[in-house]
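Under the numbering used here, the very last position in the sequence shown is 172; numbers go up by exactly one each time.
Here a beta-carbon is modelled for each residue, glycine too, at the ideal position from N, C-alpha and C.
To keep things clear, I will list the structure first and then write my remarks on it.
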Amino acid sequence: MTAEYEETIVVGQSPAGQRPARPGVMPTEVIGEGFGMPPSGPPGVGAPFGETPSAKTMILHGAAPSFAWLVIREGPRAGRLLRLNTETTSIGRDPQCDIILDDDAVSRQHAKVRAEENEDGELQFFIHDLATPNGTSVNGEEIIKQVLSDGDVVEMGTTKLVFKQV
7 MTAEYEETIV VGQSPAGQRP ARPGVMPTEV IGEGFGMPPS GPPGVGAPFG ETPSAKTMIL
67 HGAAPSFAWL VIREGPRAGR LLRLNTETTS IGRDPQCDII LDDDAVSRQH AKVRAEENED
127 GELQFFIHDL ATPNGTSVNG EEIIKQVLSD GDVVEMGTTK LVFKQV
């Protein structure tokens with residue numbers, strides 16, 4: 007059976023026309039509509055000049071989006087929530103990383119978390135160590151690549167993070 011969930015999206019005409027809320031997921035019913043944001047940018051970009059897009063809540067059929075994050079449990083910035091992208095999230099000390107850890111024992115490019123769809127169409131998150139000198143461990147086990155489950159403890163340098171997924 008396909009899951010049902012509600013998603014609020016902002017819709018309005020664009021030069022390319024309407025687009026579905028999420029690729030491969032089509033709305034089946036509009037259950038609410040309200041005013042959205044005022045148009046931004048020059049005329050011809052986003053909603054036509056003078057038209058305000060509206061926020062609509064729709065019932066969508068398909069796999070519900072997956073939300074995942076890391077919570078810093080020990081180390082610099084303990085307690086901070088770090089949202090993971092639904093594609094690839096880079097982790098390290100380098101300012102170009104998606105998640106920057108202030109830990110001298112963490113490499114500049116330490117690890118990546120990549121989301122991959124399983125056979126049920128659900129997103130699973132995998133962590134990949136990027137051949138770092140200090141390594142990456144999940145639940146105390148040194149890893150190269152490992153699927154993450156809700157509650158797993160990831161260690162990089164002196165930083166401990168807990169993986170959470172909804």
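Residue from the options with nearest C-alpha to residue i
{"i": "Ala121", "options": "Gln130, Gln115 and Arg114", "result": "Gln130"}
{"i": "Val119", "options": "Glu147, Val160, Thr164 and Arg79", "result": "Val160"}
{"i": "Ser4", "options": "Gly98, Gly127, Val168 and Leu87", "result": "Lying outside 7 to 172, the shown extent of the chain, residue 4 is not represented and no answer is given."}
{"i": "Leu107", "options": "Phe132, Leu154 and Thr164", "result": "Thr164"}
{"i": "Asp100", "options": "Asp110, Asn91 and Thr92", "result": "Asp110"}
{"i": "Asn140", "options": "Gln171, Gln115 and Glu125", "result": "Gln115"}
{"i": "Leu6", "options": "Leu136, Ala117 and Ala137", "result": "The requested residue 6 is not part of the displayed model; the chain covers only 7 to 172."}
{"i": "Ile105", "options": "Leu154, Ser143, Leu76 and Ser155", "result": "Leu76"}
{"i": "Met162", "options": "Arg89, Ala137 and Asn91", "result": "Ala137"}
Simplified DSSP assignment, three categories, for residue i
{"i": "Arg89", "result": "strand"}
{"i": "Val160", "result": "strand"}
{"i": "Ala84", "result": "coil"}
{"i": "Leu154", "result": "strand"}
For residue i: DSSP bridge partner residues
{"i": "Ile97", "result": "Ile105 and Ala117"}
{"i": "Phe169", "result": "Leu76"}
{"i": "Ile149", "result": "Thr142"}
Assigned exposure category for residue i - 16 Cβ within 10 Å defines buried
{"i": "Ile149", "result": "buried"}
{"i": "Thr94", "result": "exposed"}
{"i": "Leu87", "result": "exposed"}
{"i": "Gly146", "result": "exposed"}
{"i": "Asp126", "result": "exposed"}
{"i": "Phe73", "result": "exposed"}
{"i": "Gly157", "result": "exposed"}
{"i": "Gly81", "result": "buried"}
{"i": "Ala84", "result": "exposed"}
{"i": "Gln152", "result": "buried"}
Note down, one range per segment and in chain order, each alpha helix (DSSP H) of at least 4 residues found wholly within the segment 106 to 142.
Residue ranges of uninterrupted alpha helix (DSSP H) with 4 or more members are absent from the segment 106 to 142; none lies entirely inside it.
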